[in-house]
């Protein structure tokens, strides 16, 4: 009888440990939001059967089962993106200058599945001439093309790359639709500049944010 009770308690404890491990996997950090979950389990407590040799026939004792409720408080983590700023070096590739955007990592450990957008903003674009001089790059010559994101943890449904962006404004590198996006995801892409005769290289500085 004691063995049944001990086994049930071990299962309940394992549930708590697994929940904590899942939060650590996606980089969860404590926040003010909390959710409380109730779990019922069988304690295995049963009534004592009649002793051997008990006088006279009598009613057979039926096993009695009791349940107890454990309440678990699970605190959600945060929505983060790293790095928040980066620099892309572009070099000559035929008629264009091309560079690869370094990988950015989005972690959504909130547990709310509200969806999100990881956006980039072109802070600065500098062209370099054949003589090493600094050249102005017209906004219309800059094109940012997001790449398909990769999944580190979570599910791919609802997570996609943003649309290509021309100019120096804001663009979405990767996004998650509402009811998706929990986990860890990596995005990237390329930047191209239509090459003029005097431009041999360029540098683009980006700011990154998620929300």
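Residue numbers (this note's numbering): 165 to 375. Quick reminder that beta carbons are idealized off the backbone N, C-alpha and C, glycines included. Every value quoted in this text rests on a predicted model; they were computed, and no experiment measured them.
Query                                                                                            : Result
Identified DSSP bridge partners for residue 278                                                  : Bridge partners of residue 278: none, in fact.
Residue 372 versus residue 231 - alpha carbon distance                                           : 51 Å
Collapsed DSSP secondary structure at residue 442 in the structure displayed                     : A question about residue 442 goes unanswered here, because the residues of the chain that appear run from 165 up to 375.
Exposed unless 16 or more other CB atoms sit within 10 angstroms - verdict on residue 313        : buried
C-beta atoms of residue 374 and residue 286 nearer than 8 Å                                      : no
Spatially closest choice to residue 243 from 360, 348, 353, by CA coordinates                    : 348
Buried versus exposed, by CB contacts within 10 Å (16 or more), residue 365                      : buried
Residue 332 vs residue 306 beta-carbon contact at 8 Å                                            : yes
Span of the beta strand (DSSP E), counted from its first residue to its last, around residue 244 : 243-246
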